[in-house]
Amino acid sequence: MFRTLIYAAALMTLAGCGRDYLDIKPKGKVIPSTYKDYRLLMNNSNDLVSSYGADEMASDNVEYYEQQGLDYLGTATFRIHTWQDDVWMSTDNDAQWSNLYKQVYLANVVVEGMKTVTDGAEKERNQLVGEALVHRAFAYLSLVNLYAVQYDASSAASDKGVPLLLAPTTDAKLNRASVKAVYDQLLADLSQAASLLGITSTSAYEPTLAAAYALQARAYLLRGEYSEALKAATKTLEIKNKLTDYNTAVADPRNTFPENRSNPETILMKTVSNSYAWFSLSKDLQAEFKDSLIDLRYKILFTTTTDPFKGHLYYYGEFLSFDARLVGPTVPEMYLVRAECNARLNNVAAAIQDLDLLRKMRIATAAYVPSAAATSEEALRLVLSERRRELCFKGHRLFDMKRLNKDPRFAKTVTHTYNGQTYTLKPNDYHYVFPVAPKLIQLNPELEPNERK
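Counting from 1, position 341 in the sequence shown corresponds to residue 356 in the working numbering; the numbering is continuous, with no gaps.
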């Protein structure tokens, strides 16, 4: 029944939207019509968990130092990693786009369908609609930061965003809404979801009130609206605030490090859409771990001894529990959002308090020393450095680079040199924005490509 309902809802196989789909009412299939039917659709972890993941390859966290590492990358991934104009071949699919628009479509099916459903308790129906709105908001927040320029209040109303689809149709025109319109919609979705959701769930991929607030915090931070981000992060932490103490896992991380689904830090389980599990740490990122002898993240999540890349420092966090990398909101992210906002708003003591709540869980107990900052500038730099260490390979760095490039204090140029050729990514470069796959444009000619040159 579950899989039948998925196909009956015309779940897409290519782009998640457009005009190349399965029949919306296939003969002999059951169309969802009851609360239980729509509950089954929202329980579809296969399509609602996997999201994006190629972003890390375009960030300054990753750099390869030997041919063996480069050979690990596929053609499209190498082009993403070296910020080339052309990434996709004419027949290539883009898993990020596909997965995120599948989530949009499923959410739209539920939001629209639940308007006429009368069975089930009202609280259950509200919960279901709230979950769908959170999934849709997460998808659009990810899409607009992958496939559009950084939000800028002065130009967001005219900057090209992504197609904004709010109904479960399979033949919509894919004209691109503005960056502002996409953010306005996803924030409206999250506001509505917050009025419908409860604080508990039966699984880590089922959105709760904390997830709605956490995504608000993420969105407002990306927009540079620090007072609003501070409020949302605080609301999140009032509901969910437990941190995992890495001191308890460092001796035997393989058997004691928690899985995403059972980790108390997970607010909403969203994971990467690709199979890349090994990342060669850039020298720049390695320098951030200057306290590597006492930073337990360095000891637990990185390795220099495991095949296939012996002798180089690689991230292999998901091998601890055989999990995919997590890109959904977490408790540590919320502490860091609140700390950054407080630093920017000149609340230095509050910023350092949240920063050290997290650091105590990541630094060897015997070597822990409290942070100190005399000014908001010092506090902000401490928080941003901690944010990079804590959230590396968790779906944040490229988005952080885009927003921080708007501030001359933090703008940076990144280079890679491979086989005698140097590739450069300058601040606010068009190559921070992922290209739209040519196959999608061929199917949907109104879908404007991103500028790449």
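No residue lacks a Cβ here, since even glycine has one placed at the ideal position from N, Cα and C. Bear in mind that the values here come from a model prediction, so they are computed numbers and not experimental data.
Q.
Looking at the secondary structure, which residues open and close the alpha helix (DSSP H) in which H150 lies?
A. Position 135 of the sequence shown holds residue 150. Segment 137-161, the alpha helix (DSSP H) holding H150.
**Q.** Short Cβ contact (8 Å threshold) for Y5 with K250
**A.** The requested residue 5 does not occur in the structure, where the chain is confined to residues 16 to 468.
Q) Of all the options L372, R467, N114, which has the alpha carbon lying nearest to the alpha carbon of Y4? A) Here the chain covers residues 16 to 468 and nothing more, so residue 4 does not appear.
Q: Compare the Cα-Cα distances from A475 to each of S105, E137, L63 and report the closest residue.
A: Outside the shown range of the chain (16 to 468) lies residue 475, about which nothing can therefore be said.
Q: With DSSP collapsed to three states, give me the class of D62.
A: Here residue 62 is taken as the residue at index 47 of the sequence shown, counted from 1. Reduced to three states, the DSSP call for D62 is helix.
Q. Taking C-beta to C-beta, are R467 and Y445 nearer than 8 Å?
A. Start at 1 with the first residue of the sequence shown, and residue 467 comes out as number 452. Start at 1 with the first residue of the sequence shown, and residue 445 comes out as number 430. The answer is yes: Cβ separation under 8 Å.
Q. Of all the options E401, A364, S400, which has the alpha carbon lying nearest to the alpha carbon of A387?
A. For this step, residue 387 is matched to residue 372 along the sequence shown. Per the Cα distances, A364.
Q.
Between which two residues does the beta strand (DSSP E) holding R377 run?
A. For the purposes of this step, residue 377 is identified with residue 362 of the sequence shown, where counting begins at 1. Unbroken run through R377: none, as it is neither H nor E.
Q.
Is L399 a contact residue of the ligand GTP, with contact defined as CB to any heavy atom under 7 Å?
A. Of ligands this structure carries none, so the ligand GTP is not represented either.
Q) What's the call for P423, buried or exposed, on a 16-neighbour Cβ count within 10 Å? A) Reading the sequence shown from its first residue, position 408 is the one you call residue 423. P423 should be labelled exposed.
Q. Comparing alpha-carbon positions, which option in D204, L406, A339, E139 lies nearest Y50?
A. The residue given as residue 50 occupies position 35 in the sequence shown. The residue with the shortest Cα to Cα distance from Y50 is E139.
Q) CA-CA distance, A354 and L311? A) For the purposes of this step, residue 354 is taken as the residue at position 339 of the sequence shown. For the purposes of this step, residue 311 is taken as the residue at position 296 of the sequence shown. Each residue's alpha carbon lies about 21 Å from the other.
Q. Mind checking K42: buried by the 16 CB within 10 Å criterion, or exposed?
A. Start at 1 with the first residue of the sequence shown, and residue 42 comes out as number 27. In this predicted model, K42 has a pLDDT of only 41, less than 50, meaning its place in the structure is not dependable; the value taken from the coordinates is given anyway. Burial call: exposed.
Q: Following the continuous alpha helix (DSSP H) through R340, name the residue where it begins and the one where it ends.
A: By 1-based counting over the sequence shown, the position of residue 340 is 325. Counting along the chain, R340 falls outside any alpha helix (DSSP H), and DSSP gives it neither H nor E.
Q: Tell me whether A171 is buried or exposed, calling it buried when 16 or more other Cβ atoms sit within 10 Å of its Cβ.
A: Here residue 171 is taken as the residue at index 156 of the sequence shown, counted from 1. Label assigned to A171: buried.
Q | Neighbourhood of A244 by C-beta distance below 6 Å, restricted to the same chain and skipping five residues each side | A | Taking the first residue of the sequence shown as position 1, residue 244 is located at position 229. Excluding positions up to five away in sequence, the list reads A232, Y235, L236, V352, C356.
**Q.** Three-state secondary structure (DSSP) of T439
**A.** The residue you call residue 439 lines up with position 424 of the sequence shown. T439: strand per DSSP, three-state reduction.
Q | Beta-carbon proximity of R54 to L143, cut-off 8 Å | A | The residue labelled residue 54 in the question sits at position 39 within the sequence shown. The residue labelled residue 143 in the question sits at position 128 within the sequence shown. Yes, the pair counts as a contact, with Cβ atoms nearer than the cut-off.
Q. For P453, does the three-state DSSP call read helix, strand or coil?
A. Against the sequence shown, residue 453 aligns to sequence position 438. Reduced to three states, the DSSP call for P453 is helix.
Q) The alpha helix (DSSP H) with K51 in it runs from where to where? A) Counting from one through the sequence shown, the residue named residue 51 turns up at place 36. Its alpha helix (DSSP H) spans residues 50-57.
Q | Among A168, A69, A110, I214, the one whose alpha carbon lies nearest that of W98 | A | In the sequence shown, residue 98 corresponds to position 83, counting from 1. The residue with the shortest Cα to Cα distance from W98 is A69.
Q: Give the range of the beta strand (DSSP E) segment to which G176 is assigned.
A: Along the sequence shown, one-based indexing puts residue 176 at 161. Here the beta strand (DSSP E) through G176 covers 175-178.
Q: State the start and end residues of the unbroken beta strand (DSSP E) segment that holds T430.
A: Position 415 of the sequence shown, counted from the first residue, corresponds to residue 430. Per DSSP, T430 belongs to the beta strand (DSSP E) from 429-433.
Q. What is the DSSP secondary structure of L458, counted as helix, strand or coil?
A. Locating residue 458 in the sequence shown gives position 443, counting from the first residue. L458: helix per DSSP, three-state reduction.
Q: Helix, strand or coil for Y383, going by three-state DSSP, please let me know.
A: For the purposes of this step, residue 383 is taken as the residue at position 368 of the sequence shown. Of the three classes helix, strand and coil, the one that applies to Y383 here is coil, per DSSP.
Q: Would you mind listing the alpha helix (DSSP H) stretches within the stretch 181-242 that are 4+ residues and don't spill past its ends, in chain order?
A: 194-209, 224-238
Q.
Quick check on D310: does DSSP put it in helix, strand or coil?
A. In the sequence shown, residue 310 corresponds to position 295, counting from 1. In the structure shown, D310 sits in a strand (DSSP, three-state: E or B).
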